[in-house]
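Counting in full-length UniProt numbering, the sequence shown runs from 1 upward without gaps. Virtual Cβ for every residue (Gly too), placed ideally from N, Cα, C. What you are looking at is a predicted structure, and each value in this text was computed from that prediction instead of being measured. Have a look at the structure below, then the notes.
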Amino acid sequence: MEDCDIIICSLAENNRSYSVAFKNTFDWASRINVKVFQNKLMFLMTTSPGGFGGGNVMAEASKFFSQFGAGIKEVFSLPKFYENFDVHNGVINQESLTELNTKIENFKIHLANPY
Numbered sequence: 001m002e003d004c005d006i007i008i009c010s011l012a013e014n015n016r017s018y019s020v021a022f023k024n025t026f027d028w029a030s031r032i033n034v035k036v037f038q039n040k041l042m043f044l045m046t047t048s049p050g051g052f053g054g055g056n057v058m059a060e061a062s063k064f065f066s067q068f069g070a071g072i073k074e075v076f077s078l079p080k081f082y083e084n085f086d087v088h089n090g091v092i093n094q095e096s097l098t099e100l101n102t103k104i105e106n107f108k109i110h111l112a113n114p115y
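Below, the structure is given as structure tokens:
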């Protein structure tokens, strides 16, 4: 993490929480440095197959990650992953794609003026 300038973190929601793979990696990384994210700017994204779009894990990560050094500047949630995402074309729901592009542009503004 120390070598990166920003963090783009995308979480899948499994049973209203983080995936086991992410949680395990995060837990071990936090043993090395409790400020895992090292005060880097973060764009946080979530998704799930349901209509809430990973809202439960987004809520948890939004409050929890800041305690571990994440400077969350933008968030994006993609609901109904299997209906709104295509492996070849990315986000295919036009409303969600417009929202994502807007948030990407906003994140770029934060990069230019981080504080």
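By the 10 Å Cβ neighbour count, where 16 or more other Cβ atoms means buried, how is residue i classified, buried or exposed?
{"i": "GLU95", "result": "exposed"}
{"i": "LEU11", "result": "buried"}
{"i": "GLU13", "result": "buried"}
{"i": "LEU78", "result": "buried"}
{"i": "GLY51", "result": "exposed"}
{"i": "GLY54", "result": "buried"}
{"i": "VAL87", "result": "exposed"}
{"i": "ALA70", "result": "buried"}
{"i": "VAL34", "result": "exposed"}
{"i": "LEU111", "result": "exposed"}
{"i": "THR102", "result": "exposed"}
Less than 8 Å between the CB atoms is what I'm expecting for residue i and residue j, so what's the real figure, rounded?
{"i": "GLN38", "j": "GLU2", "result": "6 Å"}
{"i": "residue 125", "j": "SER30", "result": "Since the first residue of the chain shown is 1 and the last is 115, residue 125 is not available in this structure."}
{"i": "MET45", "j": "CYS4", "result": "Actually they do not touch by this definition, with Cβ atoms about 16 Å apart."}
{"i": "PHE85", "j": "VAL36", "result": "Contact doesn't hold; Cβ gap of about 27 Å is too wide."}
Using DSSP bridges, identify the partner residues of residue i.
{"i": "GLU74", "result": "PHE43"}
Legend entry - Minimum length 4: unbroken alpha helix (DSSP H) runs contained in the UniProt domain "NADPH-dependent FMN reductase-like" (1–70): Inside the UniProt domain "NADPH-dependent FMN reductase-like" (1–70), DSSP marks whole alpha helix (DSSP H) runs of 4 or more residues at positions 20–32, 55–64, from first to last along the chain.
Inset, instruction - Report yes or no: do three or more beta-carbon pairs, one from the region 58–70 and one from the region 85–92, lie closer than 8 Å? - result: The region 58–70 makes no contact with the region 85–92: fewer than 3 CB pairs, one atom from each, lie closer than 8 Å.
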